[in-house]
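Data first, discussion second: the structure below is written as structure tokens.
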DNA sequence: CTGAAAGCGCTTACAG
DNA sequence: CTGAAAGCGCTTACAG
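Protein chains in written order, with the numbering used here: chain A, -13 to 309; chain B, -13 to 309.
Structure representation (structure tokens):
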């Protein structure tokens, strides 16, 4: 591929002028500019962003670390972030984190301009290592980490209020036992699950751990209650896909939703909107989070301080949890 | 951040030796190696992949161009591709294509090692431009382009057989009119729609264009038939999300699925598996496509020739299209 | 307004 | 086994 040098030679000017022209900084006379443009067109010259990055120390790439892009919450987030970033001249490097010891080093080696981390596979130490290497970091996380590097910006979803709202809603609709299906494990509960437990203070509940997909949810719930006489009067599920599987398990057990058992999901995906019965769910504006992530990252790249951001989820009551 | 030079100085060796040691090529004595390792640990040295890329002319980044990552078909594909690529030391740069004239130049400027294009916003000329710049390209596409650069590898999904299978299935189950809901526009039908038309030779049908999401599908279908007495006896939908909206429209019209109207979707997402009624659909192994994309790209990067690849979809009959 | 030159951090033939 | 040196393609102070 043609380089700046080739263009300079063909145009009969110095390589420096080509740079000045291409980047529209420095002074280039109209005449020289025209000659350069002609050479660029002729050679189909495209500047090498890698060489540029090496020099200016900004790759204009934002690394997005997500647990599972197949989860609509994340795919929406990434979708929006990609657009926002593109508008600002940045590109999204996407990764589901690889549980590799060397992974952080690899990230660092790519010299990305910023990192958005929404995954639960990284610990404080790893995040801090990135931050200490002067790479701006935005974290989507709800639990506090005492020793988190102070340069990291947080986007927090306020689960505690919404969980209280859900519990109140279910209780008012006559549920005496509320069970929670969590994607995290009991040993290491995520913020959603913890908020649920807090909201249930004084009430009886149980938690089913490590369930995040529809089929898994169906099978686990069905099997858990197969031999038991009692069946819970309601379930709160970590996401809509799980809620869907949960409803199926209820039906397979010979019970009805919402008459016998009420179900609430999370994320307000079209699964919840169009399933039968329609599923009550929690809307968390993932597209807004995608936008915030990019904007905060860019502010940080440009040296501005940014505070934490709080996202307020919204309960959407549909048929699956009505009286 | 510490550079190779700093490590060399601290270890008391030459920068070249550090390179040889880090990349495990060239000879470095055990003693020198130990000194270098100590310095690396002390300085928390991470090699700069950007500088490396500039020199070796391989960024080890694969660009994935998809229409819409929110579509489960693509999110699964990307999910798997990310994993495959990571195993091979490559990273996925993700982009929903931006309809920007300069976009191809931007891609080229990033010096990516390979491009996977599955989107319908790029034309042959753009693809050819990438290919001509010596960047390996894999295209997910079913229609032929006569003037496609011969270096491009295709992954083709065989829609024509599966569409015939669907039509036969619906006809045998008593449907006398089959309507197709396409995400593409009538002026520029995609391979799925064209295969549908071919499969319908001699039968009557109609096509509703530019519908790709659940709500959109519901509203469009509902409104299209609101005033009419007749209602189609079956719908084939471009994806499961659309099929879901379609079923809703049927129900809102006061008809039943599958007794009065039969519906078939595409992609075998969990929407289809767990909706009520369960939706007949077509399984296209998007994870396999993700794997193929990465593997073919890597072979091409390593100078091997690769042929086209054909993917055979599979009809999954569920309740929504049964007698 | 334009160009020669230093330098970003690396790799790798080559000489010793 | 090790190091000095050229070079990847760019940017940008600096001198003219």
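Positions of the beta carbon are idealized from the N, C-alpha and C atoms, including for glycine.
Closer than 8 Å to chain B by CB, residue i
i: residue 112/A; result: no
i: residue 100/A; result: no
i: residue 239/A; result: no
i: residue 96/A; result: yes
i: residue 7/A; result: no
i: residue 166/A; result: no
i: residue 208/A; result: no
i: residue 231/A; result: yes
i: residue 80/A; result: yes
i: residue 36/A; result: yes
i: residue 23/A; result: no
i: residue -13/A; result: yes
i: residue 33/A; result: yes
Residue i versus residue j - alpha carbon distance
i: residue 132/B; j: residue 139/B; result: 14 Å
i: residue 210/B; j: residue 228/B; result: 15 Å
i: residue 31/A; j: residue 58/B; result: 37 Å
i: residue 149/B; j: residue 186/B; result: 9 Å
i: residue -7/B; j: residue 23/A; result: 43 Å
i: residue 64/A; j: residue 75/A; result: 16 Å
i: residue 33/B; j: residue 54/B; result: 34 Å
i: residue 2/B; j: residue 37/B; result: 14 Å
i: residue 276/A; j: residue 238/B; result: 35 Å
i: residue 298/B; j: residue 242/B; result: 31 Å
i: residue 248/A; j: residue 214/B; result: 38 Å
i: residue 289/B; j: residue 171/B; result: 38 Å
i: residue 113/B; j: residue 308/B; result: 42 Å
i: residue 152/B; j: residue 302/B; result: 10 Å
i: residue 5/A; j: residue 11/A; result: 8 Å
i: residue 233/A; j: residue 226/A; result: 10 Å
i: residue 8/A; j: residue 122/B; result: 27 Å
i: residue 78/A; j: residue 130/B; result: 30 Å
Element boundaries [alpha helix (DSSP H), containing residue i]
i: residue 204/A; result: 200 to 211
i: residue -7/B; result: -10 to -3
i: residue 232/B; result: 226 to 238
i: residue 23/A; result: 16 to 29
i: residue 282/B; result: 272 to 287
i: residue 248/A; result: Residue 248/A -> not in any alpha helix (DSSP H); beta strand (DSSP E) instead, spanning 248 to 250.
i: residue 258/A; result: 256 to 260
i: residue 59/B; result: 58 to 73
N- and C-terminal bounds of the beta strand (DSSP E) containing residue i
i: residue 191/B; result: 191 to 194
i: residue 101/A; result: 100 to 103
i: residue 297/A; result: 295 to 297
i: residue 112/A; result: No beta strand (DSSP E) contains residue 112/A, which is instead part of the alpha helix (DSSP H) from 110 to 118.
i: residue 166/B; result: 164 to 167
i: residue 141/A; result: 139 to 143
i: residue 47/B; result: 47 to 52
i: residue 90/A; result: It is not in any beta strand (DSSP E) - residue 90/A instead sits in the alpha helix (DSSP H) that spans 89 to 95.
i: residue 182/B; result: Residue 182/B -> not in any beta strand (DSSP E); alpha helix (DSSP H) instead, spanning 177 to 185.
i: residue 125/A; result: 123 to 126
CB contact check: residue i to chain A, cutoff 8 Å
i: residue 327/B; result: This structure cannot speak to residue 327/B, because chain B is shown only from -13 to 309.
i: residue 234/B; result: yes
i: residue 58/B; result: yes
i: residue 77/B; result: yes
i: residue 108/B; result: no
i: residue 137/B; result: no
i: residue 308/B; result: no
i: residue 211/B; result: no
i: residue 40/B; result: yes
i: residue 13/B; result: no
i: residue 269/B; result: no
i: residue 54/B; result: yes
Neighbourhood of residue i by C-beta distance below 6 Å, restricted to the same chain and skipping five residues each side
i: residue 300/A; result: 269
i: residue 198/B; result: 169
i: residue 279/B; result: 67, 102, 124
i: residue 51/B; result: 81, 83, 103, 105
Beta-carbon contacts of residue i that lie in its chain and below 8 Å, excluding the five residues immediately before and after
i: residue 165/A; result: 191, 192, 193, 194, 218, 220, 221, 222
i: residue 160/B; result: 219, 309
Residue i Cβ short of 7 Å to the ligand ZN heavy atom set
i: residue 46/A; result: Absence of the ligand ZN from the depicted structure is noted, as is the absence of any ligand whatsoever, leaving it without description.
Inter-residue CB distance, residue i and residue j (contact presumed, cutoff 8 Å)
i: residue 292/A; j: residue 266/A; result: Contact doesn't hold; Cβ gap of about 34 Å is too wide.
7 Å CB neighbourhood of residue i in its chain, flanking five on each side removed
i: residue 29/B; result: -12, -8, -7, -4
i: residue 181/B; result: 145, 146, 149
i: residue 26/A; result: -7
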